[in-house]
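Here the working numbering = 1-based position in the sequence shown + 35. The beta-carbon is built from N, C-alpha and C at its ideal position, and this holds for glycine as well. Fair warning: this is a prediction, and the values are worked out from it, not measured in the lab. One structure is given below, encoded as structure tokens.
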Amino acid sequence: MRDEELRGQEMGRKRFTRRVLLLGGVQGLVGAALAARMYHLQVVESPRHRAAADRNRFDDSMIAPPRGQIVDRFGRPLAVNKQNYRLFVSRDGSPDVEETLAQLARLIDLPEHRRQKALRELRTGSRFAPVMVAENLTWDEFALVNANAPALQGVTPDVGWMRDYPQKDSCAHVVGYVATPSQQDQEADPENSRLLLLPSMKIGKNGVERTEDPILRGKAGARRAEVNVRGQVIREISRDDGERGAELTLTLDADLQKYAMERMGDYSGSVVVMDVRNGDLIVLASMPGYDPNPFVGGISHAAWRALNEDPLRPLNNKAVAGSYAPGSTFKMIVALAGLDSGMISPQHTVFCNGRMPLGDHIFHCWKRGGHGAVDMNRAIKESCDVYFYDIARRIGVDRIAEVGRKFGVGVAPEVALPYVRPGVMPDRAWHLAKYGYGWPQGQTLNASIGQGYVEMTPLQLALMTASFANGGYGVTPRLVKAINGEDVKPEPLVDLGFRRPHVEAMQRAMDAVCNEQRGTGYNARIKLAGYEMAGKTGTAQVRRITAAERARRVRANEELPRHLRDHALFVAYAPRHDPRYACSIIVEHGGGGSAVAAPMVRDILTRLMTRPPPSEAAGSSEEAAQGRAG
36 MRDEELRGQE MGRKRFTRRV LLLGGVQGLV GAALAARMYH LQVVESPRHR
86 AAADRNRFDD SMIAPPRGQI VDRFGRPLAV NKQNYRLFVS RDGSPDVEET
136 LAQLARLIDL PEHRRQKALR ELRTGSRFAP VMVAENLTWD EFALVNANAP
186 ALQGVTPDVG WMRDYPQKDS CAHVVGYVAT PSQQDQEADP ENSRLLLLPS
236 MKIGKNGVER TEDPILRGKA GARRAEVNVR GQVIREISRD DGERGAELTL
286 TLDADLQKYA MERMGDYSGS VVVMDVRNGD LIVLASMPGY DPNPFVGGIS
336 HAAWRALNED PLRPLNNKAV AGSYAPGSTF KMIVALAGLD SGMISPQHTV
386 FCNGRMPLGD HIFHCWKRGG HGAVDMNRAI KESCDVYFYD IARRIGVDRI
436 AEVGRKFGVG VAPEVALPYV RPGVMPDRAW HLAKYGYGWP QGQTLNASIG
486 QGYVEMTPLQ LALMTASFAN GGYGVTPRLV KAINGEDVKP EPLVDLGFRR
536 PHVEAMQRAM DAVCNEQRGT GYNARIKLAG YEMAGKTGTA QVRRITAAER
586 ARRVRANEEL PRHLRDHALF VAYAPRHDPR YACSIIVEHG GGGSAVAAPM
636 VRDILTRLMT RPPPSEAAGS SEEAAQGRAG
């Protein structure tokens with residue numbers, strides 16, 4: 036019995052020992068696994084976890100780069116960056132953003148549309164992402180907000196840069212403006228989506244600001260800041276402001292541009308002046324203008340609606356996007372087409388009795404009694420319509436269109452601006468494709484005097500005039516003169532393929548328009564010896580004159596409502612014997628080209644050619660631009 040008890044105790048001790056060993060083994064394995072895991076976490080994966088901890092501790096963000104400035108050909112500022120006092124609000128720092136905005140509105144001028152926009156962005160954006168609610172504050176407003184900072188939860192005053200346009204309305208259509216990127220902008224540029232989300236980021240929306248945005252934008256900077264667990268900034272550790280965008284020098288002359296707009300007075304329309312030798316666009320004016328500065332901070336809906344609904348279309352760049360019937364300024368193209376066809380010569384004579392029948396319709400000359408017998412020179416000089424009806428009937432619209440396209444009619448000029456229109460150069464194929472039936476013969480006669488379907492922009496008219504001034508060589512328009520001081524080479528002149536004697540016949544006729552008695556531009560001639568201009572007047576109808584009205588009496592422009600009056604046009608180059616500048620003008624509903632448009636061109640060209648040489652600007656540095664701007 037005793038032996039059995041001893042054997043039982045011995046077996047119990049063995050089982051216990053095995054269990055202890057087994058449990059110890061399991062504990063050892065667990066301990067080893069924990070130690071291995073700790074080693075893996077603390078040693079092997081230490082860099083990854085340290086980086087994660089740093090990401091929680093530090094906030095790395097992008098900084099919108101300083102935008103490159105834009106100056107005119109003499110260094111005058113067109114678009115610069117000025118110091119911008121602004122306010123940001125974050126939803127995380129403010130328990131009631133609506134009340135915070137209301138508090139700000141009691142301290143500074145914060146329009147309702149800005150408050151509502153800020154509220155939408157705060158409610159839809161990240162809780163920690165700051166939203167810019169006000170900018171371009173005065174120093175007094177900025178100081179007042181800083182003085183009340185303890186009571187303004189979530190408000191962060193900041194000093195940055197803001198785009199400024201010192202020339203305001205005179206250069207708005209060329210320079211354009213910047214604004215906050217839209218959702219469509221972000222989707223169109225996914226590579227820069229983070230940069231475009233920055234509250235202070237602006238991109239070009241119109242004009243050169245838009246077409247040259249990639250080089251004006253510069254390269255983004257970076258900032259590292261230490262933050263707390265709530266994402267609030269404790270201190271800034273490092274900062275790189277990025278690379279400033281390129282400085283653009285335009286071919287534009289800001290002073291002459293302003294004068295051209297002043298010379299047009301209350302009329303709407305456009306003036307283009309270019310250097311015929313290299314295509315430099317010296318004036319590219321569109322009337323009326325608008326101030327681009329309100330667009331930078333966000334224009335109100337009421338102001339936007341007022342600009343859009345204005346019948347004079349101030350937002351439309353008429354110089355490149357306004358498409359008009361060229362009227363009699365188109366007659367040189369028709370005459371050259373006739374010469375080029377070989378069917379007529381400069382001595383070709385037509386008797387004008389004031390009308391030309393075509394089927395059951397009568398086409399009239401502007402001169403009721405007619406001009407009598409006229410050759411090509413006199414037909415251009417006195418702008419006889421019947422002469423060009425005769426040419427058109429002989430050569431047809433397709434040959435006119437062929438020559439017109441060589442001069443760029445129906446082709447959008449290549450220039451650094453958006454929304455450039457090509458105009459219209461109709462022919463038989465164009466009409467069939469557009470309307471589905473054959474070409475009406477009457478439209479050939481309409482086209483011969485620049486009416487009907489024919490449309491040109493003021494820039495195209497200036498390019499056409501430059502080609503005649505150059506003796507039949509086409510020029511490419513140039514708007515960007517230099518990038519960061521390095522000249523952008525102009526394109527070489529292009530031979531349009533016309534016989535020199537034919538082009539010279541056009542030059543003599545344009546000279547006669549302005550410098551011979553009975554020329555339609557004689558009363559507006561430049562009288563200074565050596566500066567005389569050669570040109571062509573034009574008057575484009577915008578209404579149909581009925582047979583009944585002709586039988587009674589055609590009403591003068593002064594008797595009509597403004598919107599029914601003719602457009603006044605004039606094209607010219609000067610000096611006539613050594614051409615340097617070409618100019619075109621369209622005065623919307625201005626009446627006669629000889630009475631209204633020609634004197635304006637005379638004054639603009641005279642000022643350009645006789646003024647003292649403008650002094651070169653002291654430089655185009657950011658500091659100089661800020662000083663001039665402000």
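- Here the segment 222-237 makes no contact with the segment 339-348; the two share fewer than three CB pairs at distances below 8 Å.
- DSSP, reduced to helix, strand and coil, places W465 within a helical segment of the structure shown.
- The residue among N241, R279 and G242 with its C-alpha nearest the C-alpha of G253 is R279.
- Inclusion of A504 and V311 in the CB contact set at 9 Å is warranted, their separation being smaller than that value.
- DSSP places R198 inside the beta strand (DSSP E), whose first and last residues are V190 to D199.
- Sixteen is the threshold: when 16 or more other Cβ atoms of the shown chains lie within 10 Å of the Cβ of E490, as they do, the residue is buried.
- Secondary structure in the segment 480-504: the alpha helix (DSSP H) runs of 4 residues or longer, each lying completely within the stretch, are 493-504 in chain order.
- Using a Cβ-Cβ distance cut-off of 8 Å, the segment 476-485 and the segment 402-416 are not in contact, since fewer than three pairs of beta carbons, one from each stretch, lie closer than that value.
- For G195, the CB contacts under 7 Å within the same chain, skipping 5 residues up- and downstream, are N119, R121 and S235 in chain order.
- Residue pairing by DSSP leaves T135 without any beta bridge partner.
- Within the DSSP secondary-structure output, R121 pairs in a beta bridge with D193.
- In the DSSP assignment, S303 is bridged to no other residue.
- In this structure the segment 293-306 does not lie against the segment 326-334, because fewer than three pairs of beta carbons, one per stretch, are closer than 8 Å.
- V589 and R155 have their C-alpha atoms spaced approximately 59 Å apart.
- By a beta-carbon distance limit of 8 Å, V438 contacts D375. Their separation comes to about 6 Å.
- Annotation: the continuous alpha helix (DSSP H) that includes Y422 extends over D420 to I430.
- V213 sits in a strand when the DSSP states are folded into three classes.
- Secondary structure note for M391: its beta strand (DSSP E) is the uninterrupted segment R390 to L393.
- Taking the C-beta atoms as reference points, L316 is found no nearer than 9 Å to E623.
- In the three-state reduction of the DSSP assignment, H336 falls in the helix class.
- Per DSSP, the continuous beta strand (DSSP E) segment holding L604 begins and ends at H602 to A609.
- In this structure the segment 318-329 does not touch the segment 417-435; the number of beta carbon pairs closer than 8 Å is below three.
- Under the three-state reduction of DSSP output, G628 falls in the helix class.
- In the DSSP assignment, E521 is bridged to I518.
- For K152, no beta strand (DSSP E) encloses it; the enclosing alpha helix (DSSP H) starts and ends at E147 to T159.
- CA-to-CA, the gap between V355 and M167 works out to about 35 Å.
- When C-beta atoms of the segment 388-399 are compared with those of the segment 359-371, fewer than three pairs fall below 8 Å, so the two segments do not count as touching.
- Here the alpha carbons of D462 and Y470 stand approximately 12 Å from one another.
- Closest in C-alpha terms to M309, from the list G509, Y212, G256 and I518, comes G509.
- By the C-beta criterion, the segment 208-225 is judged not to be in contact with the segment 171-186, since fewer than 3 inter-stretch pairs fall below 8 Å.
- Exposed is the label assigned to Q219, since fewer than 16 other Cβ atoms lie within 10 Å of its Cβ.
- Between the alpha carbons of A607 and A169 lies a distance of about 49 Å.
- Looking at A632, P527 and L291, the one whose alpha-carbon comes closest to that of Q202 is L291.
- Contact between the segment 452-459 and the segment 429-438 is absent: fewer than 3 CB-CB pairs across the two stretches fall below 8 Å.
- The shortest C-alpha to C-alpha distance from R298 to any of T511, G405 and S321 is the one to S321.
- In the structure shown, L231 falls within a helical segment according to DSSP collapsed to helix, strand and coil.
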